[in-house]
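full-length UniProt numbering puts the first residue of the first sequence at 1, with every later residue one more than the last.
A short worksheet on the structure shown next.
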Amino acid sequence: MVDTLTPSQSKVVEFPYQSNSTLKVVAGPGSGKTLTLLHKVYYLIESGQIAPNEILILSLTNKAVDNVITRLFDVFEQLNEKRTEEQLKEIIGGLEVHTVHGLANRVVIENEGIINVIEENGWRGLMKLVSEDFWKNKRPKIPSIKDFKRLFEQYKNQKTGTKDVVKKLTDIMENCGVVTNEELIDRASRYLNSDVVPESTAQTMEYTRNLKDKIKVVIIDEFQDLYPSLLPLLRRISLGKQLILFGDSNQSIYSFLGSNKEAMNAIEDIHTGRDFHIMHLHDNFRCTPEIMAAATRVIPLKRKEMNDGEIEKVCKDKCGVKPIMQNFSNPLDELEFVRDQISQLVCASAHLSDIAILTRTNNQMQLIADHLQSYGINSHKLTAQPDWMTDSRIQFLIDLMKVISLSHREESLKRENFVNRPWKSDFSLIVTLSALKGATNQSIQILYNECLRHDISLRRYISSVPMSDWPAAVTNKRKISNCVIELQKLMNNGEFLYSDDPMQILQKICTFAHEMGFQMLQPTSHRDAEQFRQHLEDMYIILKLCLTNKPNDMPLVEWFLHTHFEQSLSYYHENPVPRAGSRDVLKISTIHSSKGLEFPIVFLMGGLSWFHSISQLEDNVLYVGMTRAKNLLYLLNTKHPGLDYKSATRNIMSNEKFWRYYNTDLNRDIPADFASAIRRYDCLQRKYDGFSMKRRPFSTLSVAHNNKLMRLIAHIARK
DNA sequence: AGACAGTAAGTTTTT
DNA sequence: CTTACTGTCT
1 MVDTLTPSQS
11 KVVEFPYQSN
21 STLKVVAGPG
31 SGKTLTLLHK
41 VYYLIESGQI
51 APNEILILSL
61 TNKAVDNVIT
71 RLFDVFEQLN
81 EKRTEEQLKE
91 IIGGLEVHTV
101 HGLANRVVIE
111 NEGIINVIEE
121 NGWRGLMKLV
131 SEDFWKNKRP
141 KIPSIKDFKR
151 LFEQYKNQKT
161 GTKDVVKKLT
171 DIMENCGVVT
181 NEELIDRASR
191 YLNSDVVPES
201 TAQTMEYTRN
211 LKDKIKVVII
221 DEFQDLYPSL
231 LPLLRRISLG
241 KQLILFGDSN
251 QSIYSFLGSN
261 KEAMNAIEDI
271 HTGRDFHIMH
281 LHDNFRCTPE
291 IMAAATRVIP
301 LKRKEMNDGE
311 IEKVCKDKCG
321 VKPIMQNFSN
331 PLDELEFVRD
341 QISQLVCASA
351 HLSDIAILTR
361 TNNQMQLIAD
371 HLQSYGINSH
381 KLTAQPDWMT
391 DSRIQFLIDL
401 MKVISLSHRE
411 ESLKRENFVN
421 RPWKSDFSLI
431 VTLSALKGAT
441 NQSIQILYNE
451 CLRHDISLRR
461 YISSVPMSDW
471 PAAVTNKRKI
481 SNCVIELQKL
491 MNNGEFLYSD
501 DPMQILQKIC
511 TFAHEMGFQM
521 LQPTSHRDAE
531 QFRQHLEDMY
541 IILKLCLTNK
551 PNDMPLVEWF
561 LHTHFEQSLS
571 YYHENPVPRA
581 GSRDVLKIST
591 IHSSKGLEFP
601 IVFLMGGLSW
611 FHSISQLEDN
621 VLYVGMTRAK
631 NLLYLLNTKH
641 PGLDYKSATR
651 NIMSNEKFWR
661 YYNTDLNRDI
671 PADFASAIRR
681 YDCLQRKYDG
691 FSMKRRPFST
701 LSVAHNNKLM
711 RLIAHIARK
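This is how it looks when you write it as structure tokens:
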């Protein structure tokens with residue numbers, strides 16, 4: 001059955017099930033980790049030891065989860081042709097595959113109802129509630145949202161200093177069902193730890209209980225990404241179960257979340273006195289020996305292993321081309337180099353979709369995408385989430401919908417004489433009012449304090465207490481009041497909350513936002529406006545999708561608010577390139593998001609050198625980036641003591657030997673006529689010559705919001 | 001108070 | 001390399 005696997009892979013797959021034990025599988029890049037994992041799952045089920053619903057597969061990123069889910073069906077189908085599609089679906093449907101946060105979310109929701117994870121706009125709103133002197137003697141004088149977030153966490157843990165301020169904020173969050181990601185994990189592990197489940201709710205807590213009692217095997221994919229604060233949760237989940245860890249410590253690139261060295265050691269003996277086994281998958285089926293040799297030199301520990309003769313076995317033949325390294329002092333040169341190389345590669349036998357450009361930051365990613373776009377080269381961003389979901393303007397609109405929906409719910413509960421506290425709408429309303437032009441921090445603070453004093457919801461206070469009775473210090477009373485009145489109009493208007501027409505819903509909410517003139521929705525440029533329009537369109541698609549799968553007894557708006565996150569993720573997963581005109585587009589991703597993926601050709605952008613010095617990536621980040629490449633690797637502006645800079649750049653386009661190797665490796669036909677590549681390239685160059693710098697508007701070259709590049713270009717222009 | 005020299009950070013993800 | 005803040009001196 002497992003004859004397609006290597007001996008070491010088979011050993012992992014056939015390792016016996018044994019409760020209360022840990023198996024750690026160290027799997028280097030390209031070693032067939034996911035394949036082995038899936039075979040392992042299949043083996044557990046097929047051998048009758050474990051039922052599908054007794055297996056829990058966890059990972060840290062959505063990407064890794066997607067990866068497992070996507071390949072599940074293929075691998076299972078291949079392994080057993082006897083089963084019908086229906087049976088396979090049932091087996092696969094029984095498996096639990098989640099991100100750690102996704103799992104925590106489910107547990108918490110089951111125990112305390114719908115909760116929301118606080119987002120950028122939420123932090124901005126909270127920030128408005130702390131007084132100026134909170135920032136006195138603090139690190140940054142002009143605090144950003146990020147600084148605020150950091151300080152908030154810090155104070156929460158320390159429980160010293162401005163405790164009362166933080167306490168006030170956490171109370172609001174508590175009341176409104178808003179949590180931070182850390183809190184989400186904490187709460188989940190609390191619910192799993194509390195062994196006493198109240199009898200009355202025992203039946204409904206099925207999911208939580210199953211996690212504790214039913215699951216027998218917990219598989220953690222990419223264990224190197226774990227960080228200390230996840231450990232309590234994982235400890236509880238793996239209690240008494242077989243814990244199988246897959247990963248590679250050299251690919252640990254999330255050390256900024258906490259010390260994962262510590263976490264990695266801790267997870268090995270997560271329960272003391274446990275049976276512990278470790279296995280290695282050494283073969284590398286992905287990279288060429290040339291790429292692997294360079295990547296190995298990047299990690300000090302690896303270099304030592306190599307000397308000890310304990311190196312990964314690369315299973316591919318030499319391709320004859322070493323990684324191409326080049327440094328630039330001018331970012332435009334770098335972008336042009338990339339563009340030129342891509343032209344050459346495509347004119348030879350590469351497809352655009354073979355190529356991936358990996359960057360360190362999201363900003364760089366956007367910059368490169370824009371530049372290539374200006375030449376008519378389409379690219380697809382491999383982000384963890386679709387763009388529109390991270391657009392704070394869209395999130396703001398969703399917040400507006402939340403205020404209306406939650407307020408409506410509160411009103412109807414009140415009519416039926418239920419308890420009125422807590423008012424979940426307060427949080428979203430604070431976020432909304434904070435964005436209102438003219439509503440100062442102070443006004444919102446005072447108003448909110450008044451509400452606390454009168455034990456009344458913020459919305460209700462604003463709408464029912466006459467403005468003349470508001471504290472005098474509140475400015476712009478009319479504007480604030482008007483905003484809430486308009487919100488209430490939407491709330492009482494059945495055409496919004498109970499509408500089944502996605503366009504109508506979108507229109508109503510946009511009209512409202514427009515009339516209120518929210519500052520943050522004002523586009524700063526034409527480009528900005530176009531982007532917003534596109535994101536609105538994407539939101540419309542998800543609204544339409546919600547309409548097709550919503551339960552009959554739930555209004556569309558409510559269903560959307562509850563499920564839009566998951567729905568968009570799965571929609572995005574199934575339609576990875578929803579709007580690109582041509583199918584053949586190149587891929588752009590941050591190094592972090594590219595983990596677990598592989599590409600025939602990789603451009604690794606160390607950093608667009610804003611500085612004259614070339615940025616040095618962390619060892620592991622560089623290693624991950626390099627080992628994504630199957631056949632050809634470019635290292636641009638990448639500095640590392642282990643790398644040898646003297647390797648010469650060859651003309652790739654006319655390297656027949658390489659392209660023979662390349663096409664063979666990808667199971668493609670070898671082109672008969674290599675000379676035509678050069679002809680095609682010449683033709684393409686002539687076309688690009690038409691794109692003179694003058695004709696290309698500056699705004700497409702750089703990004704309006706990337707001031708740094710603008711300044712740098714100005715600097716270069718002066719010279 | 002104002003000028004000047006020295007220092008540390010910048011980024012990456014999770015619903 | 002640039003920014004944003006600190007500390008020290010006059």
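Even for Gly, the Cβ is constructed at its ideal location relative to N, Cα and C.
Bear in mind the structure is a predicted one, so any value in this text is a computation, not a measurement.
DSSP places Ile55 within a strand segment (E or B) once states are collapsed to three.
Met467 sits exposed, since fewer than 16 C-beta atoms from the chains shown fall within 10 Å of its C-beta. Note that the C-beta distance between Lys24 and Phe276 is below 9 Å. Distances from the alpha-carbon of His280 to those of Asp500, Gly102, Leu184 and Val13 put Val13 closest. Here Glu96 is buried. Its C-beta has 16 or more other C-beta atoms within 10 Å. Contact check for Ile652 and Gln344: beta-carbon distance about 6 Å, within the 8 Å limit, so the pair qualifies.
In this structure, Glu110 sits away from Glu46, with a CB-CB distance that is not shorter than 9 Å.
Judged by beta-carbon spacing, Leu622 lies beyond the 9 Å limit of Val218, meaning their Cβ atoms are not closer than that value.
Secondary structure at Asp673: coil, using DSSP grouped into helix, strand and coil. When C-beta atoms of the segment 629-644 are compared with those of the segment 587-606, three or more pairs fall below 8 Å, so the two segments count as touching. The continuous beta strand (DSSP E) containing Asn631 extends over residues Ala629 to Leu636. Beyond the five residues adjoining it in sequence on each side, Glu618 comes within less than 8 Å, by CB distance, of Ile253 and Ser255 in the same chain, given in chain order. In the assembly as shown, Tyr498 is an exposed residue. Its beta-carbon has fewer than 16 other beta-carbons within 10 Å.
With a beta-carbon spacing of about 20 Å, Ala369 and Pro600 fall beyond the 8 Å limit used to define contacts.
Taking the CA atoms as reference points, Leu666 sits about 15 Å from Arg628. Partner residues in the beta bridge of Met605, as assigned by DSSP, are Leu636. In its chain, beyond the 5 residues on either side, Ile446 have a beta carbon closer than 6 Å to the beta carbon of Ala473. For Asp171, the closest C-alpha among the options Ser189, Asn210, Leu129 and Glu416 is that of Leu129. Straight-line spacing of the CA atoms in Pro228 and Ile267 works out to 9 Å. For Glu96, the enclosing beta strand (DSSP E) starts and ends at Glu96 to Thr99. Just so you know, the alpha carbons of Trp659 and Phe285 end up roughly 19 Å apart. Bounds of the beta strand (DSSP E) holding Met279 are Asp275 to Leu281.
Positions of the beta strand (DSSP E) runs, each at least 3 residues long and wholly inside the segment 224-278, are given as 242-247 in order along the chain.
Lys216 carries a coil assignment under DSSP once its states are collapsed to helix, strand and coil. Taking Asn53 as the centre and dropping the five residues before and after it, the same chain places the C-beta of Gly94 closer than 6 Å to its C-beta, in chain order.
Contact between the segment 59-73 and the segment 313-322 is absent, with fewer than three C-beta pairs closer than 8 Å. At the C-beta level, Leu400 and Trp423 stay beyond 9 Å of one another. Nearest C-alpha to Asp391 among Asn493, Ala294 and Asp528: Asp528. Check the Cα spacing between Glu656 and each of Ala348, Glu411 and Ser570: the tightest is with Ala348. Short of 6 Å from the beta carbon of Ala295, and not among the five residues preceding or following it, lie these beta carbons of its own chain, in chain order: Tyr623, Met626 and Thr627. For Ser589, the enclosing beta strand (DSSP E) has its first and last residue at Leu586 to Thr590. Boundaries of the beta strand (DSSP E) around Ser379: Ser379 to Lys381. The segment 471-485 and the segment 429-448 touch, with three or more beta-carbon pairs separated by less than 8 Å. About 6 Å separates the beta carbon of Leu230 from that of Val100, a gap short enough to meet the 8 Å contact definition.
The Cβ atoms of Met365 and Ser525 lie no closer than 9 Å to each other. Take the alpha-carbon of Lys544 and the one of Cys176: they are about 28 Å apart.
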